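S.K.: From first to last, the protein sequence lines stand for chains A and B.
Going by full-length UniProt numbering, the residue at position 228 of the first sequence is 228; the numbering climbs one at a time, nothing skipped.
Going by full-length UniProt numbering, the residue at position 126 of the second sequence is 126; the numbering climbs one at a time, nothing skipped.
Ideal Cβ positions, reconstructed from N, Cα and C, are used throughout, including at glycine.
Quick caveat: nothing in here was measured; it's all calculated off a predicted structure.
There are 2 protein chains.
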Amino acid sequence: MTSAVGAKSGKPRYLQIADDIEQQIKTGALAPASEVPSEAQLMDRYGVSSGTVRKAIAELRAAGLVETHQGKGSFVKSRPPVTRKSSDRFRRSHRRAGKAAYIAETEQAGVKPTVRVLSVGPVAAPAEIADRLAVTEGAKVLARRRLYFSDGTPTEEATSYLPWDVARDIPELFEDNPGGGGIYARLEEHGHEFAEYTETIRARLATKQEATALSLSPGSPVIHLTRNAVTDAGRVVEVCDTIMAADQFVLDYRIPATD
Amino acid sequence: MTSAVGAKSGKPRYLQIADDIEQQIKTGALAPASEVPSEAQLMDRYGVSSGTVRKAIAELRAAGLVETHQGKGSFVKSRPPVTRKSSDRFRRSHRRAGKAAYIAETEQAGVKPTVRVLSVGPVAAPAEIADRLAVTEGAKVLARRRLYFSDGTPTEEATSYLPWDVARDIPELFEDNPGGGGIYARLEEHGHEFAEYTETIRARLATKQEATALSLSPGSPVIHLTRNAVTDAGRVVEVCDTIMAADQFVLDYRIPATD
DNA sequence: AAGTGGTCTAGACCACTCT
DNA sequence: GAGTGGTCTAGACCACTTC
Chain A
1 MTSAVGAKSG
11 KPRYLQIADD
21 IEQQIKTGAL
31 APASEVPSEA
41 QLMDRYGVSS
51 GTVRKAIAEL
61 RAAGLVETHQ
71 GKGSFVKSRP
81 PVTRKSSDRF
91 RRSHRRAGKA
101 AYIAETEQAG
111 VKPTVRVLSV
121 GPVAAPAEIA
131 DRLAVTEGAK
141 VLARRRLYFS
151 DGTPTEEATS
161 YLPWDVARDI
171 PELFEDNPGG
181 GGIYARLEEH
191 GHEFAEYTET
201 IRARLATKQE
211 ATALSLSPGS
221 PVIHLTRNAV
231 TDAGRVVEVC
241 DTIMAADQFV
251 LDYRIPATD
Chain B
1 MTSAVGAKSG
11 KPRYLQIADD
21 IEQQIKTGAL
31 APASEVPSEA
41 QLMDRYGVSS
51 GTVRKAIAEL
61 RAAGLVETHQ
71 GKGSFVKSRP
81 PVTRKSSDRF
91 RRSHRRAGKA
101 AYIAETEQAG
111 VKPTVRVLSV
121 GPVAAPAEIA
131 DRLAVTEGAK
141 VLARRRLYFS
151 DGTPTEEATS
161 YLPWDVARDI
171 PELFEDNPGG
181 GGIYARLEEH
191 GHEFAEYTET
201 IRARLATKQE
211 ATALSLSPGS
221 PVIHLTRNAV
231 TDAGRVVEVC
241 DTIMAADQFV
251 LDYRIPATD
C-alpha cells in the first residue's frame, strides 16, 4: 500500500496529501523546525508524480506551515510567539517608566527586542505624509527610519515623520536613541500632549524591497500600519509608517460602544 | 516568431509571460472585465506548454490582477474601491436608523452591499470560540455564517457565535434577516447593552477553502478579524470571526491617549 | 459537441547545498 | 557528486460552460 491517505474522496490528490501532512504537523508527528520528507520520498510514499507532490507542498507554504529552501528541503515553521500590539502600548505610564511602545509590548510577549536605526534626518515630505501632517508636499520634515528585531530576526520596519517646526526644538529627536519612553515622551515633555492616535491597517503581499529588508520569502504577506499621533490641540505632530511581517503580529484594538 | 517576450533573461519563462500580460493589463491593451486569451492560445502565442502558461496565470491571480472561472476563462479584474471599516461602524445611532454595521460602512464607500446567509443554527462550539464566549468546549451555541458582497463580488465571510442561553430568547436571531440594525440591535433590545468591542487582527495567506469561498487564488492575502462584543455586565454575548479579502479593505481605529 | 480550465503523469534538465 | 528543490514538456483525462 502506498499511504494512509484515502484513495477515493472527490478531493484532488494534492489537497489530500497537503491535509495529511498538515495533520502530521498539527499532531506533532512532524516537529517544528524538522525537515519535511523530500519530494522524492513523498512521491514514493503517496505513489504520485513530482508535480502533484509539489502542488501539495505549495499548498502548505501558502498556509504558512512550512518554508522551502532550494537545494535543502522544506521545513516545518516554528510558530513564533506572536507579539501583540494592544491599545495598551501607548499608555503614558509606560513612557514614564522609561519604556517606549515597542518595549512595553515585546516584553509582555517574552521576546527580546532590538532596534537598529537606519537613518535620522530631514527629508522632503512625500505627498501622503505631507497630507497627513497637514504640511505642503515637499516641505522639510524629520524622518526617523528604524528596523525592529524580535529575538534577532527582523520583524518590522518603521518610519516616523515629524513637522520640522515641531522637531527642531527637540534635540533628542535627532539622536539615534531619543531617550527613555521614546519620541512620544520627548514630545509630551515639550508641550505636545496627546489626545489620541489613529491607526489604519492594510494587508498585502511584500514588495521585493520589503521582503529583502525583513528577510521574508517573496509572496509573504505584510501588514502595513500607519499611525497619526494627534495632540490636545488637534494637531498631528507625528505620523508613523510601519511594515510588519504578517506572521509575527496580532493586532488588538478596543472599541468603546458609542451612541 | 513566437512572441514579444525576450527569449533570454535568466528569469523563468512563466514569470516573463506573467509580466508581459501584466503590462498589457496596465497599459489597457487588456481592458478590465475583458477575457484573457485562453490557455491554448497562450501556449501557441508564447510557444510553451500548458503547465508553463498555467503557472503564469496563477501568478496573475496571486497578484490580484485576474480571476479565473473553470470552463469560462480568466478575466481581468476591475479594481474596486476599497471599503473601510472605521470604529464608527458600531454606533448605536446607526442601529437605531436600522442600519447594520456593514451597511453603515459600505454606504460611505459608495459600494452596493449584498449579503448571503450561508447557514443559521446550533453548532458545537469549537475550542477557540468556546474560550472567547466563556462556555465549555462543544457546548451548543448559535452560529450565523454569511457571505458579504461589494458590488456583486464576494469580499468577506463572517461567522457569528452566540451562547445558547442568550440566543434562544431572541427568535429573530434564527432568521436569515434579523431585522433592522442587525443582530446587535436585537441583542440590545433584549437587555444586552454593549460596553465595548474588542477586535484582533491577523493577516496571512488564504487557505484553499477561503480562496474558493471568496473566489481568490491561494496565495492571496486575507485579513482575519475576530471580534468579541462585551456587554455592560462584562459578558461576551457574541463573537464574530471574519475573513476578508485583504485588497478590499482598509481598517481604521482610534486609540484614545491614556495614562 | 466543442471549448474552457483543473488535475496528473513520467519523464527531462537546471540551480543550489552539502560533503 | 549526490541530493535537494525549480522549471518545463507533451501529452492524458476529467469537470464545467456554452451552444
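(1) Listed in chain order, which residues of the region 189-212 of chain A have Cβ atoms closer than 7 Å to some Cβ of chain B?
(2) Please confirm whether ALA158 (chain B) has its beta-carbon closer than 8 Å to some beta-carbon of chain A.
(3) Closer than 9 Å by beta-carbon distance: list the chain B residues that pair up with ARG92 (chain A), in chain order.
(4) Is the region 181-189 of chain A touching the region 89-97 of chain A in the sense that three or more CB pairs, one from each, lie closer than 8 Å?
(5) I need the boundaries of the alpha helix (DSSP H) containing SER87 (chain B), first residue and last residue.
(6) Could you check whether ALA18 (chain A) and VAL76 (chain A) sit closer than 8 Å to each other, using their CB atoms as the reference points?
(7) On the three-pair Cβ rule with 8 Å, is the region 209-223 of chain B touching the region 168-177 of chain B?
(8) With a 10 Å radius around its C-beta and 16 neighbouring C-beta atoms as the bar for buried, classify GLU193 (chain A) as buried or exposed.
(9) With distances taken Cα to Cα, identify the nearest neighbour of LYS55 (chain A) among A:GLN16, A:LEU30 and A:THR27.
(10) Using a beta-carbon distance cut-off of less than 7 Å, what residues from the region 223-256 of chain B approach chain A?
(11) When we look at the beta-carbon of LYS26 (chain A) and count the other beta-carbons within 10 Å, is it buried (16 or more) or exposed?
(12) Please tell me whether PRO221 (chain A) has its Cβ less than 8 Å away from any Cβ of chain B.
(13) ASP44 (chain B) by DSSP, collapsed to three states: which one?
(14) Helix, strand or coil: how does DSSP classify LYS12 (chain A) here?
(15) With H, G and I counted as helix, E and B as strand and the rest as coil, what does DSSP make of GLU137 (chain A)?
(16) Within the 8 Å Cβ cut-off, does SER78 (chain A) reach chain B?
(17) Short of 7 Å in beta carbon distance, which residues of its chain neighbour MET244 (chain B), apart from the five on each side in sequence? Order them along the chain.
(18) In this structure, does DSSP put VAL66 (chain B) in helix, strand or coil?
(19) Note down, in chain order, each residue of its chain lying with its Cβ closer than 7 Å to the Cβ of ASN177 (chain B), except the 5 sequence neighbours on either side.
(20) Which of helix, strand or coil does DSSP assign to VAL239 (chain A)?
(21) Of all the CB atoms in chain A, is at least one closer than 8 Å to the CB of SER215 (chain B)?
(22) Since SER87 (chain B) meets chain A, which of its residues come closer than 7 Å, beta carbon to beta carbon?
(23) So residue 344 (chain B) is in the beta strand (DSSP E); what residue range does that whole segment cover?
(24) Find the residues of chain B that neighbour GLY64 (chain A), judging by a C-beta separation of less than 9 Å, and give them in chain order.
(25) How long is the line joining the alpha carbons of PRO256 (chain B) and ALA139 (chain A), rounded to whole angstroms?
(26) Output needed for LEU118 (chain B): all residues of its chain with C-beta closer than 7 Å, excluding positions within five of it in sequence on either side, in chain order.
(27) By DSSP, does GLY234 (chain B) sit in helix, in strand, or in coil?
(28) Can you tell which of A:GLY73, A:ALA31 and A:THR212 has the C-alpha that lies nearest to the C-alpha of GLU39 (chain A)?
(29) Taking buried to mean at least 16 other C-beta atoms within 10 Å of its own C-beta, is THR153 (chain A) buried or exposed?
(30) Can you tell me which of the three DSSP states GLY51 (chain B) falls into?
(31) Measuring alpha carbon to alpha carbon, tell me which residue in A:ASP165, A:GLU105 and A:THR106 is nearest PRO122 (chain A).
(32) For the alpha helix (DSSP H) containing GLU189 (chain A), list its first residue and its last residue.
(33) From the DSSP output, read off the bridge partner residues of ILE201 (chain A).
(34) Rounded to whole angstroms, what is the Cα-Cα separation between TYR46 (chain B) and TYR161 (chain B)?
M.R.: With the given structure in hand:
(1) PHE194, ALA195, GLU196, TYR197, THR198, GLU199, THR200, ILE201, ARG202, ALA203, ARG204 and LEU205
(2) Along the second sequence, read from residue 1 onward, the residue named residue 158 (chain B) stands at position 158. Not an interface residue.
(3) Taking the first residue of the first sequence as position 1, residue 92 (chain A) is located at position 92. Those within 9 Å of ARG92 (chain A) in chain B are ALA257, THR258 and ASP259.
(4) yes
(5) For the purposes of this step, residue 87 (chain B) is taken as residue 87 along the second sequence, with counting starting at 1. Run containing SER87 (chain B): none; DSSP gives neither H nor E here.
(6) Position 76 of the first sequence holds residue 76 (chain A). Position 18 of the first sequence holds residue 18 (chain A). No. Outside cutoff.
(7) no
(8) Locating residue 193 (chain A) in the first sequence gives position 193, where the first residue counts as 1. The residue in question, GLU193 (chain A), is exposed, as its Cβ has fewer than 16 Cβ neighbours within 10 Å.
(9) Along the first sequence, one-based indexing puts residue 55 (chain A) at 55. Per the Cα distances, A:GLN16.
(10) ILE223, ALA246, ASP247, VAL250, LEU251, ASP252, TYR253, ARG254, ILE255 and PRO256
(11) Taking the first sequence and counting its residues from 1, the one referred to as residue 26 (chain A) is at position 26. By the neighbour-count rule (16 or more Cβ atoms within 10 Å), LYS26 (chain A) is not buried but exposed.
(12) In the first sequence, the residue the question calls residue 221 (chain A) occupies position 221. Closer than 8 Å to some Cβ of chain B, the Cβ of PRO221 (chain A) qualifies, so yes.
(13) Indexing the second sequence from 1 puts residue 44 (chain B) at position 44. Of the three classes helix, strand and coil, the one that applies to ASP44 (chain B) here is helix, per DSSP.
(14) As a first step, residue 12 (chain A) is located in the first sequence; it is residue number 12 there, counting from the start. The displayed chain sequence assigns Pro, not Lys, to residue 12 (chain A). PRO12 (chain A) falls in the coil class under three-state DSSP.
(15) For this step, residue 137 (chain A) is matched to residue 137 along the first sequence. Three-state DSSP puts GLU137 (chain A) in coil, outside helix and strand.
(16) Within the first sequence, numbered from 1, the residue matching residue 78 (chain A) stands at position 78. Not an interface residue.
(17) Translated into the one-based positions of the second sequence, residue 244 (chain B) becomes position 244. For MET244 (chain B), where only same-chain residues beyond five positions count, the Cβ hits under 7 Å are THR155, GLU156, VAL222, ILE223 and LEU225.
(18) As a first step, residue 66 (chain B) is located in the second sequence; it is residue number 66 there, counting from the start. Residue state, collapsed to three classes: strand.
(19) Position 177 of the second sequence, counting from 1, holds the residue named residue 177 (chain B). Counting only Cβ-Cβ distances below 7 Å, and skipping sequence neighbours, we find nothing.
(20) The sequence position of residue 239 (chain A) within the first sequence is 239, counting from 1. If DSSP states are grouped into helix, strand and coil, VAL239 (chain A) belongs with the strands.
(21) In the second sequence, residue 215 (chain B) corresponds to position 215, counting from 1. Not closer than 8 Å to any Cβ of chain A, the Cβ of SER215 (chain B) fails to qualify, so no.
(22) As a first step, residue 87 (chain B) must be located in the second sequence, where it is residue number 87. Near SER87 (chain B) (Cβ distances below 7 Å), the residues of chain A are ILE255.
(23) The first residue shown for chain B is 1 and the last is 259, placing residue 344 (chain B) beyond what the model contains.
(24) In the first sequence, the residue the question calls residue 64 (chain A) occupies position 64. Going along chain B in sequence order, the residues near GLY64 (chain A) (Cβ under 9 Å) are ARG204 and LEU205.
(25) Against the second sequence, residue 256 (chain B) aligns to sequence position 256. Against the first sequence, residue 139 (chain A) aligns to sequence position 139. For PRO256 (chain B) and ALA139 (chain A), the distance between alpha carbons rounds to 29 Å.
(26) Residue numbering aside, residue 118 (chain B) sits at position 118 when the second sequence is read from its first letter. Taken in chain order, the residues that qualify are ARG145, ARG146 and LEU147.
(27) Residue mapping note: residue 234 (chain B) aligns to position 234 of the second sequence, counting from 1. In the structure shown, GLY234 (chain B) sits in coil (DSSP, three-state: anything other than H, G, I, E or B).
(28) Here residue 39 (chain A) is taken as the residue at index 39 of the first sequence, counted from 1. Out of A:GLY73, A:ALA31 and A:THR212, A:GLY73 has the C-alpha closest to the C-alpha of GLU39 (chain A).
(29) What you label residue 153 (chain A) is simply residue 153 of the first sequence in a count that begins at 1. When all chains shown are included, THR153 (chain A) counts as exposed.
(30) Here the question's residue 51 (chain B) lines up with position 51 in the second sequence. Of the three classes helix, strand and coil, the one that applies to GLY51 (chain B) here is helix, per DSSP.
(31) Along the first sequence, read from residue 1 onward, the residue named residue 122 (chain A) stands at position 122. Residue A:ASP165 is the option with its Cα nearest to PRO122 (chain A).
(32) Stepping through the first sequence from its first residue, residue 189 (chain A) is reached at position 189. Unbroken alpha helix (DSSP H) run through GLU189 (chain A): 182-189.
(33) Start at 1 with the first residue of the first sequence, and residue 201 (chain A) comes out as number 201. Answer is A:LEU225 and B:LEU251.
(34) Your numbering for residue 46 (chain B) matches position 46 in the second sequence. Your numbering for residue 161 (chain B) matches position 161 in the second sequence. Straight-line Cα distance between these residues: approximately 51 Å.
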